[in-house]
Structures are given as structure tokens and as C-alpha cells.
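In what follows, a single structure is set out as C-alpha cells and then discussed.
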Amino acid sequence: SCGSKEEEAQATAPTLYDRLGKTEGIAKIVDGLIANVGAETATANSVMLRSHKPMLDAVNGVNGQAPTDPTRLQRLRNNFIDQLGEAAGGPLTYKGKSMLVAHTGMNVTALEFSVWHKQLEASLASNGVTESDKAAVYAIVDKMQGDVVGH
Ligand code: HEM
Numbered sequence: 001s002c003g004s005k006e007e008e009a010q011a012t013a014p015t016l017y018d019r020l021g022k023t024e025g026i027a028k029i030v031d032g033l034i035a036n037v038g039a040e041t042a043t044a045n046s047v048m049l050r051s052h053k054p055m056l057d058a059v060n061g062v063n064g065q066a067p068t069d070p071t072r073l074q075r076l077r078n079n080f081i082d083q084l085g086e087a088a089g090g091p092l093t094y095k096g097k098s099m100l101v102a103h104t105g106m107n108v109t110a111l112e113f114s115v116w117h118k119q120l121e122a123s124l125a126s127n128g129v130t131e132s133d134k135a136a137v138y139a140i141v142d143k144m145q146g147d148v149v150g151h
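For the sequence shown, the tail end lands on 151 under mature numbering (1 follows the signal peptide of the UniProt record, and there is no 0), and the numbers increase by one without skipping.
In C-alpha cells, the structure reads:
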């Protein structure tokens, strides 16, 4: 090609998606987040249990009844991987609901959002994500706060 050195460097510069470890790395981050949220919902004074109870009940079943929607958490996981992967510049396509639609009816509070954010921070840290890449991930999710909180 007739690309300049600058163009070549741009074409090969790793994207955030690459730096997070591509789909595999993003899946680990999302799985860590889900594990942290799950642990938080199991604590005595959980902040996140209220919003997550319908999904947890659907996945686990209530009072020994069979689960009504066993793959509901798995779908959330896969959708979140697609969403983050797409926003980070990877070849993934988010096919889930808009953030406003997905969180409408939950009345997520600012406190719940901040506790969710802490679970994400802990997963990014345990997956060895650098400070500048953490900041890039926060920029992605913090843009969605207005669609997630208060609906
Ligand atoms: C920017 C922050 C957030 C992002 C990017 C996000 C992302 C998502 C995505 C992608 C889905 C799945 C939508 C679908 O499958 O169509 C979802 C569902 C869900 N979100 Fe969030 N979320 C965020 C914050 C929160 C917070 C703060 C809470 C509660 C504390 C929360 C609770 C839930 C629950 C319970 C579901 C499952 C809905 C269901 O299956 O019934 N989310 N979220």
C-alpha cells in the first residue's frame, strides 16, 4: 500500500479491545464482575440484592421450584461481553436491549450504581488491567449511568 508510517502505526495500534485481552479477556472481566455482584448479593446488608432478586429467583428457582428462566444470567453475561467488546473497538456486536429499556422498572439508585461500579473495579484489578485502560472502561460505562439509574 502507499500508507505513510503514521497510517501504518495507526492501523496496527492495539485497541482497548486488544489491550483487555480480546473477547477472552473481556469475558474474564465480565465473569469477575458477575462473581463479585453475586457475592455482594449474598452479604447480610446487600445493596444489590433488591435489583437482582428477580433474575436470581428466575435462575435459581424459589422454594424448591424449578427455575423459570435458567439462562437469564447467561444471556446477560453474553450480552455484556458483546456490549463492552463493541464499545472497546472489537469485532463484537451488542444485540441486547438499550440500557434504558434493560434497566427500566428496576429504579436503580445512585448508591446501587456506585456499588456495582466497585464490583467492576475489583474485577478489572484482579484481571491486571492497567490504570489507563481502567479509566477507558469507566468512560464507557459512566456514559450509560443516566440510562441505568432512576428509571
Ligand atoms: C453502566 C452500567 C451498566 C451496564 C453497562 C449494564 C449492562 C447491562 C446489560 C448489557 C444487561 C442485559 C440487557 C439484555 O440482555 O438485553 C443488563 C441487565 C441487567 N442489569 Fe445492568 N448494567 C449496568 C448497571 C447496572 C446496575 C447498577 C444494576 C443494579 C444495581 C444493574 C442490574 C441489572 C439487572 C438485574 C439486569 C438483568 C435484567 C433481567 O434479566 O431481568 N445493572 N445490564
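Positions of the beta carbon are idealized from the N, C-alpha and C atoms, including for glycine. Predicted model only: the values in this text are computed from it and were never measured.
Cutoff 7 Å; reference residue i; Cβ partners in own chain excluding five residues on either side
| i | result |
| --- | --- |
| residue 32 | 123, 126 and 127 |
| residue 36 | 119, 122 and 123 |
| residue 237 | Outside the displayed span of the chain (1 to 151) sits residue 237, for which this structure offers no information. |
Any non-hydrogen atom of ligand 1 within 8 Å of residue i CB
| i | result |
| --- | --- |
| residue 102 | yes |
| residue 97 | yes |
| residue 149 | yes |
| residue 57 | no |
| residue 94 | yes |
| residue 31 | no |
| residue 145 | yes |
| residue 16 | no |
As assigned by DSSP and simplified to three states, the class of residue i
| i | result |
| --- | --- |
| residue 62 | coil |
| residue 47 | coil |
| residue 137 | helix |
| residue 129 | coil |
Residue j beta carbon less than 9 Å from that of residue i
| i | j | result |
| --- | --- | --- |
| residue 73 | residue 81 | no |
| residue 100 | residue 151 | yes |
| residue 22 | residue 90 | yes |
| residue 87 | residue 94 | yes |
| residue 51 | residue 106 | yes |
Chain-order list of residues whose beta-carbon lies under 6 Å from that of residue i (same chain, five-residue window excluded)
| i | result |
| --- | --- |
| residue 79 | 96 |
| residue 152 | No statement about residue 152 is possible, as the shown extent of the chain runs from 1 to 151 and does not include it. |
Distance cut-off 8 Å: residue i Cβ against heavy atoms of ligand 3
| i | result |
| --- | --- |
| residue 115 | Inclusion of ligand 3 in the displayed structure is not the case, the ligand content consisting of ligand 1 alone. |
Spatial neighbours of residue i in its chain, beta-carbon cut-off 8 Å, leaving aside the 5 residues before and after
| i | result |
| --- | --- |
| residue 136 | 16 and 88 |
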